[in-house]
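To start, the structure under review is shown below, and the notes come after it.
Residue numbers (the UniProt record's numbering): 1 to 184.
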């Protein structure tokens, strides 16, 4: 019997070419996978640095709506902050999560018995805690380009009553979702 190389003089070359082709295809597959992974990583990086904001809540400023340790997801692109929006901002060198109760030009008034008035209308919402006036004198007019924030746990929170109004440009994001960390 004749061996295969005698029957087909280029069989060895053909086998080597076949192996090289397979190696090249495998290498191309890995390069394509790496390229796709890099594109996905860039998209995620852009999404979470330009579109979304993620942080972990600390403290009880927004109790019971947001609890200590909850993961807060915010949306950065919506800059039209309305009354009752919950936002994350930087104020006085710290991260603050609070509820917008008034915007630029609005008048805020608080009574000693814990009632809150915005533009002369009493704000009676689902807030279970009385609103103590804090350090500011009232009535107070919120400057243009600012919002007045209050935490939901109004008897023990750091908000605009101690920090003053928050400039809109210091708001990092509007809160769109909260993920409870208990039991994770």
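Virtual Cβ for every residue (Gly too), placed ideally from N, Cα, C.
Taking a cut-off of 8 Å on C-beta distances, the region 35-44 does not touch the region 142-152, as fewer than three cross pairs fall below it.
In this chain, the beta strand (DSSP E) harbouring residue 149 covers 146-150.
Taking residue 55 as the centre and dropping the five residues before and after it, the same chain places the C-beta of 72, 88 and 95 closer than 7 Å to its C-beta, in chain order. Residue 160 counts as buried, since at least 16 other C-beta atoms from the protein chains shown sit within 10 angstroms of its C-beta. As DSSP reads the structure, residue 53 sits in a beta bridge with 74. Of all alpha-carbon atoms in 117, 42, 78 and 97, the one lying nearest the alpha-carbon of residue 64 is that of 97. When 164, 125 and 129 are compared, the shortest CA-CA separation from residue 140 is found for 164. At a Cβ-Cβ threshold of 8 Å, residue 168 and residue 147 count as neighbours. Residue 157 is classed as buried because its beta carbon has at least 16 other beta carbons within 10 Å across all chains shown. Per DSSP, reduced to three states, the secondary structure at residue 180 is coil, with no helix or strand assignment. An exposed status is given to residue 47, since fewer than 16 other beta-carbon atoms sit within 10 Å of its beta-carbon.
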